[in-house]
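**Student:** Taking full-length UniProt numbering, I'd label the letters of the sequence shown as residues 1 to 293.
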Amino acid sequence: MYFAFMDDSSRKRKDVPRQDLGALHAYGAAIFPQESLQPYREELAQLRQELRVPSGTEFKWSPDGGPLHKKWSELHTARVRMLEAAAALGVRACVVICAPELMPEWYSESQLKREMLEYLYERVTYTLGEDKGILIADQPGGGRPDETRWLADALALDTDGTQYVKPADKQILLPIITTRSDHVDHLQLADLVTAATTALVAGATSADRYKNLIYKLLVKNYRDYAGGAGLKFIPSATYNSRALMNLVYWVFGEDAYVLPDTASSVGTVLPHTGWIFASSSGLDAPSPDGTQQ
1 MYFAFMDDSS RKRKDVPRQD LGALHAYGAA IFPQESLQPY REELAQLRQE LRVPSGTEFK
61 WSPDGGPLHK KWSELHTARV RMLEAAAALG VRACVVICAP ELMPEWYSES QLKREMLEYL
121 YERVTYTLGE DKGILIADQP GGGRPDETRW LADALALDTD GTQYVKPADK QILLPIITTR
181 SDHVDHLQLA DLVTAATTAL VAGATSADRY KNLIYKLLVK NYRDYAGGAG LKFIPSATYN
241 SRALMNLVYW VFGEDAYVLP DTASSVGTVL PHTGWIFASS SGLDAPSPDG TQQ
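#1: Compute the Euclidean distance between the alpha carbons of ILE234 and THR197, then round it to the nearest angstrom.
#2: Could you name the residues that DSSP lists as bridge partners for ARG92?
#3: At the level of alpha carbons, what is the spacing between GLU105 and GLU35?
#4: What is the rounded straight-line gap between the Cα of VAL16 and the Cα of ALA26?
#5: To the nearest angstrom, how far is it from the Cα of THR57 to the Cα of PRO67?
#6: Under the three-state reduction of DSSP, which class applies to ILE172: helix, strand or coil?
#7: Do the segment 232 to 251 and the segment 135 to 148 make contact, defined as three or more Cβ pairs closer than 8 Å?
#8: Taking the beta carbon of ARG11 as the centre, do at least 16 other beta carbons fall within 10 Å, making it buried, or is it exposed?
#9: Quick check: what's the CA-CA separation for ILE177 versus LEU135?
#10: Which residues does DSSP list as the beta-bridge partners of MET6?
#11: What are the start and end residues of the beta strand (DSSP E) that includes THR178?
#12: Could you name the residues of the same chain whose beta carbon sits closer than 6 Å to that of ALA156, not counting the 5 residues immediately before and after it, in chain order?
#13: According to DSSP, is PHE233 helix, strand or coil?
#14: Using a Cβ distance threshold of 8 Å, determine whether the segment 223 to 239 contacts the segment 94 to 108, with at least three qualifying pairs required.
#15: Compute the Euclidean distance between the alpha carbons of VAL193 and GLY230, then round it to the nearest angstrom.
#16: Identify every residue that forms a DSSP beta bridge with LEU24.
#17: Does the distance from the CB of GLY133 to the CB of TYR2 come in under 9 Å?
#18: Bridge partners of ALA256, per DSSP?
#19: By how many angstroms is the C-alpha of TYR222 removed from the C-alpha of ASN240?
#20: Please tell me whether PRO167 and GLY90 are closer than 9 Å, where the distance is taken between their beta carbons.
#21: Express the C-alpha separation of ASP146 and ASP64 in angstroms, rounding to a whole number.
#22: Using DSSP's beta-bridge definition, name the partner residues of ILE97.
#23: Cα-Cα, which of ALA93, ARG18, GLN171 is closest to GLY129?
#24: Answer with buried or exposed for GLU254, where buried requires no fewer than 16 other C-beta atoms within 10 angstroms of its C-beta.
#25: Going by the DSSP bridge assignment, what does GLY227 pair with across the sheet?
#26: Considering only their Cβ atoms, is the gap separating LEU24 from SER9 smaller than 9 Å?
#27: For LEU200, which of helix, strand or coil comes out of DSSP?
#28: In three-state terms, what does DSSP make of LEU68?
#29: Cutting at 7 Å between CB atoms, please list the residues of its own chain near GLN292, excluding the five before and the five after it.
Structure, rendered in structure tokens:
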């Protein structure tokens, strides 16, 4: 039995150093074996003691307040320890990253978020294999209409499935459950993984020190590639010149992109000249990232 914990992350255009990429939005999940749930809680309880912060302190990539707000040294320690503990306990991660400014103008924000949720649902399902799981998400942000729409989209995944995950075959046993991340340590890991991966794709130098730890957690296909398995991009259609798959080459050094349902093939060699970021990482110009955390 597995428990997948989901959160989202966003970066405004001004916080994305990679040229021609624009703002980013991401959904990510940290997938825990059942037997790892309690040990991870114990690891974070010990970490709070060592950092001398209150027992209820919420660990986030970028806390808006609280005892770790702008405490960069303590935050770095917490991030590393959380990622290392997750890897040691067999946690795996999936992240779906969208660059809305590269999508057709007729795509609405709600349509994009629904598509991202479907992609993440599919990747969590692929990761489960023959096992069963439950998907738990941080409470959606925004106002009541946004939350209502998000919950409707989540419920539709349970009742209707997706193009590749049919209701009769689904491995996720219940509709997506929501709760507050400050109550659940495992959701705080989902926040960290999703935000750090988004920062890496954005080209934020502050995330470079976590690249190897993040890559270790990302789900791989049988050829040991994260692209298409643990890391999904939008736009990603192979016929779309704005498809972002070359970024898995620039960010993580992968030399091919292989989708889960075509994992028996050789995939597409990277960087691919038919997609953007074929000849450049987009980071040739001075980075506007500065001290962005």
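By construction, the Cβ of each residue, glycine as well, lies at the ideal position given by its N, Cα and C atoms. Please read these numbers as outputs of a predicted model, since none were measured by experiment.
**Tutor:** If we stick to the structure as given:
#1: Start at 1 with the first residue of the sequence shown, and residue 234 comes out as number 234. Start at 1 with the first residue of the sequence shown, and residue 197 comes out as number 197. Approximately 14 Å, taken between the alpha carbons.
#2: Taking the first residue of the sequence shown as 1, we reach residue 92 at position 92. Its beta-bridge partners are ILE31.
#3: Locating residue 105 in the sequence shown gives position 105, counting from the first residue. Locating residue 35 in the sequence shown gives position 35, counting from the first residue. Using only the alpha carbons, I get a separation of about 45 Å.
#4: Residue numbering aside, residue 16 sits at position 16 when the sequence shown is read from its first letter. Residue numbering aside, residue 26 sits at position 26 when the sequence shown is read from its first letter. Answer to the nearest angstrom: the Cα atoms are 13 Å apart.
#5: The residue given as residue 57 occupies position 57 in the sequence shown. The residue given as residue 67 occupies position 67 in the sequence shown. Going by the C-alpha atoms only, they are around 7 Å apart.
#6: Working through the sequence shown from its first residue, we reach residue 172 at position 172. Note: ILE172 maps to strand in three-state DSSP.
#7: Segments in contact, no.
#8: Looking up residue 11 in the sequence shown gives position 11. By the neighbour-count rule (16 or more Cβ atoms within 10 Å), ARG11 is buried.
#9: Here residue 177 is taken as the residue at index 177 of the sequence shown, counted from 1. Here residue 135 is taken as the residue at index 135 of the sequence shown, counted from 1. Going from the Cα of ILE177 to the Cα of LEU135 covers about 6 Å.
#10: Translated into the one-based positions of the sequence shown, residue 6 becomes position 6. Beta-bridge pairing links MET6 to ALA29, ALA137.
#11: Position 178 of the sequence shown, counted from the start, is the residue given in the question as residue 178. In the DSSP assignment, THR178 falls within the beta strand (DSSP E) that extends over 177 to 179.
#12: Reading the sequence shown from its first residue, position 156 is the one you call residue 156. Excluding residues up to 5 positions away in sequence, nothing lies with its Cβ nearer than 6 Å to the Cβ of ALA156 in the same chain.
#13: Along the sequence shown, read from residue 1 onward, the residue named residue 233 stands at position 233. In the structure shown, the three-state DSSP call for PHE233 is strand.
#14: yes
#15: For this step, residue 193 is matched to residue 193 along the sequence shown. For this step, residue 230 is matched to residue 230 along the sequence shown. Separation of VAL193 and GLY230 (C-alpha to C-alpha, rounded to the nearest whole angstrom) is 11 Å.
#16: On the sequence shown, residue 24 is found 24 positions in, with the first residue counted as 1. The partner list for LEU24 (beta bridge, DSSP) reads ARG11.
#17: As a first step, residue 133 must be located in the sequence shown, where it is residue number 133. As a first step, residue 2 must be located in the sequence shown, where it is residue number 2. Yes, the Cβ-Cβ distance between GLY133 and TYR2 is below 9 Å.
#18: Here residue 256 is taken as the residue at index 256 of the sequence shown, counted from 1. DSSP lists VAL269 as partners of ALA256.
#19: Here residue 240 refers to the residue found at position 240 when the sequence shown is read from its first residue. Here residue 222 refers to the residue found at position 222 when the sequence shown is read from its first residue. Distance between the alpha carbons of ASN240 and TYR222: 26 Å.
#20: Locating residue 167 in the sequence shown gives position 167, counting from the first residue. Locating residue 90 in the sequence shown gives position 90, counting from the first residue. Contact flag unset, no.
#21: Along the sequence shown, read from residue 1 onward, the residue named residue 64 stands at position 64. Along the sequence shown, read from residue 1 onward, the residue named residue 146 stands at position 146. The alpha-carbon atoms of ASP64 and ASP146 are separated by roughly 22 Å.
#22: Along the sequence shown, read from residue 1 onward, the residue named residue 97 stands at position 97. The partner list for ILE97 (beta bridge, DSSP) reads ALA26, PHE233.
#23: Along the sequence shown, one-based indexing puts residue 129 at 129. Considering only alpha carbons, the answer is GLN171.
#24: Position 254 of the sequence shown, counting from 1, holds the residue named residue 254. Buried, by the Cβ-count rule.
#25: On the sequence shown, position 227 is the one that residue 227 refers to. DSSP lists LEU231 as partners of GLY227.
#26: Here residue 9 corresponds to residue number 9 of the sequence shown, with the count starting at 1. Here residue 24 corresponds to residue number 24 of the sequence shown, with the count starting at 1. It is a contact, given that the beta carbons lie within the stated cut-off.
#27: To locate residue 200, count along the sequence shown from 1; it is residue 200. If DSSP states are grouped into helix, strand and coil, LEU200 belongs with the helices.
#28: Reading the sequence shown from its first residue, position 68 is the one you call residue 68. Of the three classes helix, strand and coil, the one that applies to LEU68 here is coil, per DSSP.
#29: Indexing the sequence shown from 1 puts residue 292 at position 292. With a pLDDT of 37 at GLN292, under the threshold of 50, the modelled position of that residue is not reliable, and the figure given next carries that caveat. Contacts found: ASP15, ALA204, SER206.
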